[in-house]
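Reading through the structure tokens given below for one structure.
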Amino acid sequence: MDHLRSILENEAPHLLEKRSTKPRKEGLTELTNATQGEVVLRFAPNPNGPLSFGHARGLVINNTYREMYDGVFILRFDDTDTKVKPPMLEAYEQIVEEATWLTGRAPDRVVIASDRLEHYYKHAEQMLENGFGYVCRCSADAFREHRQAKTNCPCRDQSPSDNLTLWKGMLKGAYKPGDAVVRVKTEMDLKNPALRDWPALRIQDTKAHPHPRPEVGSTYDVWPLLDFQSAVEDHLQGVTHIVRGKDLMDSTRKQTLLYEHFGWKYPETLYWGRVKVHEWGGFSTSQMRKDIEAGRYDGWNDPRLPTLSALKDRGIQAKALEQFWLELGITQKDISVPLATLYAHNTKAVDDDAPRLSFVRNAVAFKLEGEHPTEVKVPVHPNHQTMGWRTWKFSENAVWLEADDIEKMDVRLKEFADVELHDNEARITSIERHHSHPVIHWLPASHASEGILLETKNNQIQRISGQLEHHTHEAGTIVQLERIGYARVMDDGSLMVCHETTDEP
RNA sequence: GCUCGUAUAGUGUAGUGGCCCAUCAUAAAGGACUCUCAUUCCUUUGACCCGGGUUCAAAUCCCGGUACGAGCACCA
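What the first sequence shows, in this note's numbering, is residues 7 to 511, in sequence order.
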């Protein structure tokens with residue numbers, strides 16, 4: 007082999023040159039059967055809480071396809087469970103706002119499932135009339151045995167008119183939750199047990215568990231299950247492509263069977279795998295809700311929580327989230343990603359516009375000794391002088407230094423002077439930079455006030471007090487604290503570290 | 001248990017039989033620039049789960065194994 011190579015090197019070196027590599031695919035993979043301008047996509051969260059980090063994937067991917075194909079993006083609230091995962095009234099509005107923030111535009115259409123029960127009823131009736139659905143009065147346990155044994159349950163052979171009568175009974179409240187359910191007829195010997203005569207609508211006690219939307223409240227007792235509601239709604243809205251988690255694969259199969267009964271064409275479907283974040287592990291809206299109610303967290307935008315609002319409050323940009331999710335793309339692999347990747351995107355999104363600011367943690371006062379100018383000018387941003395200058399005038403010779411820095415004897419006060427430190431005195435040895443002393447950040451007492459820096463570390467919120475440079479940045483501005491990192495100015499004037507760090511276990 | 005799905009550097013990802021001694025990002029290490037431990041730039045390290053088969057040719061196709069994940073709810 008080596009011999010051959012040496013021959014080639016002499017005789018035909020061009021054969022050894024690396025050929026140019028295939029261009030790397032840009033953006034998301036093409037959708038199958040997609041026509042420009044005719045793609046309809048939807049993202050359907052349960053409004054049982056505000057959006058979390060994981061939801062951002064659905065929003066970003068669907069919205070990106072919408073842009074690629076000049077299509078329609080529907081935000082749909084699948085709020086058909088009032089007991090196990092009850093919707094939260096405030097979440098409806100918040101989710102629309104968060105989706106708009108993340109994608110940079112409002113959804114083309116907002117659909118609320120609980121507004122559309124009549125449509126689902128109508129299709130349930132069609133199903134019963136045409137004999138591909140039936141009202142089943144078996145208990146869940148009894149049916150489970152039929153499912154396992156591949157045997158028909160006694161209700162399966164009822165005539166359409168019997169089914170319709172029973173259905174009217176369901177609507178009138180003749181049955182309690184669990185006593186009757188509408189099933190879609192498939193085959194009881196299908197290979198996948200999950201698909202066998204799956205349930206489409208059930209009864210919920212909305213007196214005990216009213217729907218939180220006042221216009222719905224306790225009006226209805228018969229509610230569709232996700233597989234049915236989603237399938238019918240996708241058809242009604244003309245959805246052409248569905249991108250969703252692979253946990254819903256069986257749902258697709260169930261729904262395809264239903265579509266065949268109705269004679270509809272099922273949308274093209276793409277799946278992604280499960281995503282975990284190293285720092286958070288798994289997370290669920292229901293669990294977060296419990297923890298908040300138990301007082302373990304301080305509301306939905308507690309910085310320790312992986313909600314979109316918490317991320318936003320910490321200064322994570324919509325652009326960074328978008329880049330992050332697009333980079334992961336759509337694979338069915340279950341993955342675990344570090345937050346560092348998100349932070350890298352966020353740094354890129356934020357750095358150019360982040361004014362520099364000095365924050366001296368655990369500040370220690372020093373007296374300045376020696377000749378020096380009466381003011382110092384430091385740039386707002388070292389790479390963009392157009393952003394202006396910060397001017398610090400000395401009204402007294404007092405400066406603040408960080409506790410961790412004062413162990414060093416000789417330091418360079420950034421942009422100012424070389425000093426020697428001892429006994430809370432900082433003696434100026436030179437204004438020009440003569441030595442390679444470590445450069446530290448600092449503040450003149452006349453330009454600093456008490457400040458608080460908030461940082462989440464190891465799932466704890468830490469409040470670090472110190473001296474903060476005077477500034478006029480509005481709440482919401484992302485600044486860079488010199489030698490510390492990016493932080494967001496909060497409403498109360500404190501600063502929140504954007505990119506949390508975790509100690510190695 | 002049954003059903004379905006997935007396996008490429010530490011983490012993600014590109015790759016659809018020959019442009020592959022495998023792409024890009026991120027992380028790590030080193031360096032340049034810099035009056036920040038920032039930004040920017042450069043360099044280096046580092047991977048096709050295992051075993052068979054098909055083929056002139058396999059990361060790519062087929063079979064088997066293994067690992068991981070999901071579904072088997074009158075949740076979404």
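Glycine included, every Cβ here is placed at the ideal spot set by N, Cα and C. Note that this is a predicted model, so its numbers are computed, not measured.
Closest Cα partner of residue i within the set the options
i	options	result
LYS583	LEU57, SER436, LEU427	The structure shown has nothing for residue 583, since the chain only spans 7 to 511.
GLU135	ILE412, SER165, ALA148	SER165
THR435	MET502, GLY376, PHE365, SER442	GLY376
GLY499	ASN54, SER471, PRO218, GLY394	SER471
ARG250	GLU274, TRP229, PHE268, LEU231	GLU274
VAL116	LEU123, MET393, LYS191, ILE101	ILE101
PRO205	LEU263, ASP253, THR225, GLN391	LEU263
ALA119	LYS399, TRP270, GLU239, HIS453	GLU239
ASN169	GLU456, GLU408, GLY43, ARG189	ARG189
GLN329	ILE80, THR109, GLU36	THR109
LYS128	ALA146, ASP85, ARG162, LEU177	LEU177
MET496	HIS479, GLU506, ARG489, ILE490	HIS479
TRP395	ARG162, VAL384, LYS414	VAL384
CYS144	HIS125, VAL187, GLU124, THR157	VAL187
ASP211	THR483, VAL228, ASP357	VAL228
SER292	ASN54, GLY33, ILE209, THR35	ASN54
PRO312	LYS325, GLY301, ARG295, ALA300	ARG295
PRO199	ARG439, VAL222, SER257, SER236	SER257
THR86	ASP233, LYS197, PHE79, LYS156	ASP233
Backbone secondary structure at residue i - three-state DSSP
i	result
SER167	helix
GLY77	coil
PHE234	helix
LEU374	strand
TRP331	helix
PHE49	strand
ASP227	coil
LEU427	strand
ALA432	strand
SER442	coil
ARG250	strand
THR392	helix
ARG517	Nothing about residue 517 can be reported from this structure: the residues present for the chain run from 7 to 511 only.
ARG72	helix
THR347	helix
LEU177	helix
THR353	helix
LEU37	coil
ALA360	coil
THR308	Looking at the sequence itself, residue 308 is Asp, so the reference to Thr does not match. Correct three-state label for ASP308: coil.
PRO160	helix
ASP195	coil
HIS217	coil
GLU413	coil
LYS182	coil
GLU44	coil
ASP8	At ASP8 the pLDDT is 39, less than 50, meaning the model places this residue with poor confidence; the figure from the coordinates comes in the next sentence. Reduced to three states, the DSSP call for ASP8 is helix.
ARG150	helix
THR27	Confidence at THR27 is low in this model, with a pLDDT of 44, below 50, so its placement is unreliable and no value can be given for it.
HIS387	coil
Rounded distance between the beta-carbons of residue j and residue i, thought under 8 angstroms
i	j	result
GLY279	ASP340	4 angstroms
TRP406	GLN473	4 angstroms
LEU314	PHE59	7 angstroms
VAL46	VAL245	5 angstroms
GLU421	SER452	At roughly 16 angstroms, the Cβ-Cβ gap does not stay under 8 angstroms, so GLU421 and SER452 are not in contact.
LEU207	LEU172	With 8 angstroms as the limit, LEU207 and LEU172 do not qualify as a contact, their Cβ atoms being about 12 angstroms apart.
GLN391	ASN352	Between ASN352 and GLN391 the Cβ distance is about 24 angstroms, and since that is not below 8 angstroms, they are no contact.
In DSSP terms, what residue i is bridged to
i	result
GLN543	A query on residue 543 cannot be resolved here, the shown segment of the chain reaching from 7 to 511 and no further.
CYS142	VAL187
LEU407	VAL370, TRP448
ARG494	ILE484, MET502
LEU201	None, per the DSSP bridge assignment.
ARG208	TRP229
GLN466	LYS463
GLU381	LYS399
ARG418	ASP424, VAL445
THR313	SER58
ILE341	VAL281
Any non-hydrogen atom of the ligand ATP within 7 angstroms of residue i CB
i	result
VAL116	Because no ligand of any kind appears in the structure shown, any question about the ligand ATP cannot be addressed here.
Discussion item. What ranges does the alpha helix (DSSP H) occupy inside the region 76-130, keeping only unbroken runs of at least 4 residues that lie completely in it?
Written reply: 95-109
Worksheet item: What residue ranges within the region 255-305 form continuous alpha helix (DSSP H) runs of no fewer than 4 residues, ordered along the chain?
Response: 255-268, 291-299
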